[in-house]
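Participant: Could you have a look at this structure, given as structure tokens, before my questions?
Written out as structure tokens, the structure is:
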């Protein structure tokens, strides 16, 4: 396929996947039911199922996939490390801690409170990681990764502590576990409205860093030599990636591997330039999560299959392939 | 000079997110619809709700039950459930597709489910797992009132209490063995749990409760061995071969670590079906019967008092 047709092709595939996703669910509804629901026709319960249950889920999957893929892509570019993903700064585990504490404290009285708590703790975690890694205005990549690992380990341990205590109460323990597994069930348009600005605005803003990240790919000294303000780029990309990750995880929990796998696929399809591959990543990320969620809904019968399971099943072999390819390349260079 | 616009835009996105989230009608908590005076399209979610609704109203008023209603390992209402055709999971879409007028929602379900149903004008009643006999009575009264079946609820409570009182009377003068529940989860009930009340009614002494352990608490193998109770109750599911096939674990009685404990030596490791151990409804009367027989096998026979 011609390079020029790749992105339109992916956009078309995403549109088809989103439309197909509206047809999948526990209630057996036909394509005409779906169309009638959009035309405000048909039984009210069918309109509700399509417009208030399935549509928000499809939109959230697309927005979440887009946001996670772009966050991962930007971080891989910033750290010049193909294994970087949105979890590297501890944002995802911070969001989990916020959510489990909110649930444990009985704050789940409103559907807004758990995502809000997750989001606040996620951003606080990102800020902590940044402060720990910063030495004056200078922040090295290795310090950021190490600080991210340390804070992530701490927040994960605290989440496990809360879960351990909560397990004595079966009802509460089950709610916590369900959130930690991640998923899109029972989400509504309120969740879409929360995620929409935080997925779109930072994603669009990241595009303005594409040239800087291209320069950074050659090394920090080379980037400085061509006039890139490396510190400013680092701060900007970190803030935007953290926002994308925090917003997504706070609404749908952790969905692993999207931010790790999709950027590789996007670079493979569109080349290493960030401007093109960012767009490809965004569409591929949305496509992956929409498909994963659709398949998980189609397969969910007696078990509650989460989309994160499918993204992991796809992502893990891909990850192994990346490691294998990197090793072969290193051997060839040696 | 450092670019400030990413931060300004991020701040704007945060503001937009907060305001659109707060202003969206879906995010604002819809008021819970009033309960229908006489619900005729009831959906029960969770096995507790299944057991309550089938005892309180006829199957013609129930449109769907939880999918576990037909599982004899956990359900005490397999027979009665045959009168209701549909099965649903805890999922807004599945529930809405049955066009219910009242949904009994399990306490462990997330807020999103109840909020989602309210948005579509469907009334809900949250059904928790009771942690005491009085809690069960309260649950029955509350659900019976919601289903317009107050008198049936009173009868149900009276029958449960009578059955428990009968078991209590039969075991009153018998020696009270010490008991532990060896659960597959690694957690065991102590004081202020339903199980403690059931063991007391069945003529036993729950060891963890006597030691002052409150609620459901972790119980290690080492502690279990050192406590050395007269009787160990285990989930029949854990005791039978299927669990060993699935989990690759030996049952308590076959576990070498417990070979020298009193309960194993004296053959007093008693499997009880999970449907008796999990129920938090009027069916606990049957659980007390089972436990009483397990604790006093020589004094009580299956047919009644010895």
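Protein chains in written order, with the working numbering: chain C, 470 to 803; chain S, 13 to 318.
Note that the Cβ used here is the ideal one computed from N, Cα and C, for glycine as well.
(1) Contact criterion: CB-CB distance below 8 Å. Does residue 229 of chain S meet it with respect to chain C?
(2) Please classify residue 660 of chain C as buried or exposed, where buried requires at least 16 neighbouring CB atoms within 10 angstroms.
(3) Any Cβ of chain C within less than 8 Å of the Cβ of residue 166 of chain S?
(4) Run through chain S and tell me which residues come within less than 8 Å of residue 522 of chain C, C-beta to C-beta.
(5) Which ranges would you report for the beta strand (DSSP E) in the region 108-132 of chain S if only whole runs of at least 3 residues count?
(6) Kindly indicate which residue of S/118, S/193, S/146 and S/160 has the alpha-carbon position closest to the one of residue 170 of chain S.
(7) Just mark residue 104 of chain S as buried or exposed, buried being the case when its beta carbon has 16 or more other beta carbons within 10 Å.
(8) Which full runs of the alpha helix (DSSP H) of 4+ residues lie inside the region 496-576 of chain C, going along the chain?
(9) Any Cβ of chain C within less than 8 Å of the Cβ of residue 25 of chain S?
(10) Classify residue 45 of chain S as helix, strand or coil using the three-state DSSP reduction.
(11) Please tell me whether residue 798 of chain C has its Cβ less than 8 Å away from any Cβ of chain S.
(12) To the nearest angstrom, report how far apart residue 459 of chain C and residue 299 of chain S are at their CA atoms.
(13) Taking the alpha carbon of residue 472 of chain C as the point to measure from, which residue in C/716, C/801, C/553 and C/745 has its own alpha carbon closest?
(14) Assign residue 17 of chain S to one of two classes, buried (16 or more other C-beta atoms within 10 Å of its C-beta) or exposed (fewer than that).
(15) Using the beta-carbon of each residue, which ones in chain C are nearer than 8 Å to residue 122 of chain S?
(16) With 16 other CB atoms within 10 Å as the buried threshold, where does residue 270 of chain S fall?
(17) Note down the Cα distance separating residue 760 of chain C from residue 288 of chain S, rounded to an integer number of angstroms.
(18) So for residue 256 of chain S, helix, strand or coil by DSSP?
(19) Relative to the alpha-carbon of residue 547 of chain C, which residue among C/492, C/688, C/715 and C/568 has its alpha-carbon at the smallest distance?
(20) Could you compute how far the alpha carbon of residue 736 of chain C sits from the alpha carbon of residue 523 of chain C?
(21) Among S/157, S/237, S/58 and S/173, which residue has its Cα nearest to the Cα of residue 50 of chain S?
(22) Of all the options S/88, S/291, S/183 and S/115, which has the alpha carbon lying nearest to the alpha carbon of residue 48 of chain S?
(23) Can you tell me where the beta strand (DSSP E) with residue 78 of chain S in it begins and where it stops?
(24) Note down, in chain order, all residues in the region 490-513 of chain C with a beta-carbon under 7 Å from any beta-carbon belonging to chain S.
(25) Counting only the same chain and skipping the five closest in sequence on each side, list residues whose C-beta sits under 6 Å from that of residue 13 of chain S.
(26) Just to confirm before moving on: does the CB-CB distance between residue 110 of chain S and residue 102 of chain S stay below 8 Å?
(27) Just verifying my parser: in three-state terms, what is the DSSP assignment at residue 294 of chain S?
(28) Using a beta-carbon distance below 8 Å, is residue 591 of chain C in contact with chain S?
(29) Kindly give me the distance between the Cβ atoms of residue 531 of chain C and residue 676 of chain C, rounded to whole angstroms, as I take these residues to be in contact under 8 Å.
(30) What are the boundary residues of the alpha helix (DSSP H) that residue 599 of chain C is part of?
(31) Could you compute how far the alpha carbon of residue 96 of chain S sits from the alpha carbon of residue 154 of chain S?
(32) Assuming residue 786 of chain C is part of the alpha helix (DSSP H), what are its boundary residues?
(33) Can you give the beta carbon distance from residue 135 of chain S to residue 160 of chain S, rounded, assuming they're within the 8 Å contact cut?
(34) List, in chain order, every chain S residue whose beta-carbon is nearer than 9 Å to that of residue 724 of chain C.
(35) Rounded to a whole number of angstroms, what is the C-alpha to C-alpha distance between residue 583 of chain C and residue 776 of chain C?
(36) Using a Cβ-Cβ cut-off of less than 9 Å, give me the residues of the region 141-152 of chain S that come near chain C, in sequence order.
Facilitator: Quick look at the numbers:
(1) For residue 229 of chain S, the answer is yes, since a Cβ of chain C falls inside 8 Å of its Cβ.
(2) Counting Cβ neighbours within 10 Å, residue 660 of chain C comes out buried, since at least 16 surround it.
(3) Not closer than 8 Å to any Cβ of chain C, the Cβ of residue 166 of chain S fails to qualify, so no.
(4) The answer, in chain order, is 104, 105, 108 and 128.
(5) Runs found: 114-118.
(6) Closest in alpha carbon position to residue 170 of chain S, among S/118, S/193, S/146 and S/160, is S/146.
(7) Of the other Cβ atoms in all chains shown, 16 or more fall within 10 Å of the Cβ of residue 104 of chain S; this residue is therefore buried.
(8) The region 496-576 of chain C is shown to contain whole alpha helix (DSSP H) runs of 4 or more residues at 500-507, 513-517, 524-548 and 560-573, in chain order.
(9) Judged by the 8 Å Cβ criterion, residue 25 of chain S is in contact with chain C.
(10) If DSSP states are grouped into helix, strand and coil, residue 45 of chain S belongs with coil.
(11) Not closer than 8 Å to any Cβ of chain S, the Cβ of residue 798 of chain C fails to qualify, so no.
(12) Any answer about residue 459 of chain C is impossible in this case: the structure gives chain C only from 470 up to 803.
(13) Minimum Cα distance to residue 472 of chain C is reached at C/745.
(14) Taking a 10 Å sphere around the C-beta of residue 17 of chain S, we find fewer than 16 other C-beta atoms and assign the residue as exposed.
(15) Those within 8 Å of residue 122 of chain S in chain C are 577, 644, 647, 648 and 655.
(16) So residue 270 of chain S ends up on the buried side.
(17) Straight-line Cα distance between these residues: approximately 41 Å.
(18) Residue placement at residue 256 of chain S is flagged as unreliable, the pLDDT there being 49, under the threshold of 50; a coordinate-derived value is accordingly withheld.
(19) When only C-alpha atoms are compared, the closest one is C/688.
(20) Per the coordinates, the alpha-carbon of residue 736 of chain C lies some 31 Å from the alpha-carbon of residue 523 of chain C.
(21) Answer by Cα proximity: S/157.
(22) Ranking S/88, S/291, S/183 and S/115 by Cα distance to residue 48 of chain S puts S/115 first.
(23) Here the beta strand (DSSP E) through residue 78 of chain S covers 74-78.
(24) If the cut-off is 7 Å between Cβ atoms, the region 490-513 of chain C has 494, 495 and 496 near chain S.
(25) Bear in mind that a pLDDT of 45 at residue 13 of chain S, under 50, signals an unreliable position, so the model cannot answer this.
(26) Judged by beta-carbon spacing, residue 102 of chain S lies beyond the 8 Å limit of residue 110 of chain S, meaning their Cβ atoms are not closer than that value.
(27) Residue state, collapsed to three classes: coil.
(28) Taking Cβ atoms only, chain S never reaches closer than 8 Å to residue 591 of chain C, which makes this a no.
(29) In fact, because the Cβ distance is near 18 Å, the residues do not count as touching under 8 Å.
(30) Unbroken alpha helix (DSSP H) run through residue 599 of chain C: 582-602.
(31) Straight-line Cα distance between these residues: approximately 23 Å.
(32) Taken as a continuous stretch (DSSP letters only), the alpha helix (DSSP H) holding residue 786 of chain C covers 776-802.
(33) Not a contact, Cβ separation roughly 12 Å.
(34) Those within 9 Å of residue 724 of chain C in chain S number zero; the least Cβ separation is about 17 Å.
(35) Using only the alpha carbons, I get a separation of about 20 Å.
(36) So the list reads 141, given in the order they occur along the chain.
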